[in-house]
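Quick mapping for you: the protein sequence lines, in order, are chains A and B.
Quick note on this note's numbering: the first sequence kicks off at 22 and runs consecutively.
Quick note on this note's numbering: the second sequence kicks off at 2 and runs consecutively.
Working notes for the structure below.
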Amino acid sequence: MPDTLWSHQDLQRHYERHGPALLAYARSFLSDAARAQDILHGVFLKLLSSRVAKPDSEIGYLYRAVRNASLNDLRKTSSEVSMDEGHWFSAPAPHAVTGFALQTALRALPEEQREAVMMRIWSGMTLDEIARATGVSLNTAASRYRYALEKLRRQIAGDQKGPQPCVTTSSKSS
Amino acid sequence: MRDDQFEEFLKSFQPQRPAPLPVAGDSPIKRRLAASAVLLAAASLLLAFWKMPPSDPPVSNSPQASGLGVAQPFEPPASVVGRLSRTARTNRAFEDSAGLEAQLEQDFHSAAPHFDRDDSALRILSRE
């Protein structure tokens, strides 16, 4: 059934639309940016070069493939220490919370909650799609998402209340 | 902050864009295969040229032009005399006619049938 295979256009479209979120997802497992990038490219190139049937949930499949490849890589290189803990997110200017605080909070989440929140927020999936992609009931997906939001909110609020980086305020004090 | 506000807040953080996806034709395996194919073709061409017999140069009436009038330091191995070009054999004849004669004689005996042997077909036929 050739119409159920991944096409180059499908994959290119998914890469454009979900590439950033998938890269951030890979980086939630791997601190090394270059390795996360390689994992993402590897997943897409493998799908491009092989005749794999389209799954029910294409985005869910991509998330799962990135997760498995990241965990495999992590297992192989667990003893290596990464020197490249960069930012996954570009933080909007008016917010005090930096992208680094957000990625720290995301990494602290349980894996299934992190997956749910990343699928929902940065891949724009509905809770129903998340449930189908992860093979759980709608209620479970909704609970995971709700818990994830709550933990993120608490963690980020805690970071904001905590010690702030030293900022020069000479113009105000003078 | 309500859930929907917090969602909007989270969405304002943009994950970094990955590098463009390398096109399938640029994959390292395909590049290696292409390089191997080019090397193989080059090696085949080289082998074909090497095995090709030498072609005779155009015959000229002038001894100088054909190189016959000048002494040429040419000493091919005896085993390849039979495969020499006409010009090379001529040069050899000028330089070492006795040696060439002996070589041609030896080549002839090694290539032609031995009529002098007892089991030679011609000898048997002549007896009949």
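Glycine residues also receive a C-beta, built at the ideal position from the N, C-alpha and C atoms.
The distance from the Cβ of S49/A to that of L173/A is about 13 angstroms, inconsistent with a contact at the 8 angstroms cut-off. Separation of the CB atoms of Y84/A and Y46/A is rounded to 6 angstroms, and the pair is thereby assigned contact status at 8 angstroms.
In its chain, beyond the 5 residues on either side, A126 have a beta carbon closer than 6 angstroms to the beta carbon of Q176/A. In this model, R56/A and T155/A are separated by some 25 angstroms (Cα to Cα). Non-local C-beta neighbours of A86/A in its own chain, meaning closer than 7 angstroms and more than five positions away in sequence, comprise V64, ordered along the chain. Taking the CA atoms as reference points, S127/B sits about 40 angstroms from A89/B. When only Cα atoms are considered, L32/A and L41/B end up about 34 angstroms apart. Within the region 120-153 of chain A, the residues whose Cβ lies closer than 7 angstroms to any Cβ of chain B are, in chain order, G120, L123, I142, W143. Contact of F50/A with chain B by beta-carbon distance below 7 angstroms is absent, the smallest such distance being about 14 angstroms. A42/A reaches chain B at P16, counting residues in chain order whose Cβ is nearer than 7 angstroms. Note that the region 133-150 of chain A does not touch the region 67-77 of chain A; fewer than 3 beta-carbon pairs, one per stretch, sit closer than 8 angstroms.
Within the region 31-104 of chain A, complete alpha helix (DSSP H) segments of at least 4 residues are found at 54-70, 79-97, given in chain order. Residue H29/A holds the alpha-carbon nearest to the alpha-carbon of L68/A among D94/A, H39/A, H29/A. Taking the CA atoms as reference points, R167/A sits about 22 angstroms from F110/A.
In the three-state reduction of the DSSP assignment, Q15/B falls in the strand class. Ranked by Cα distance from P16/B, the first of R88/A, E136/A, A112/A is A112/A.
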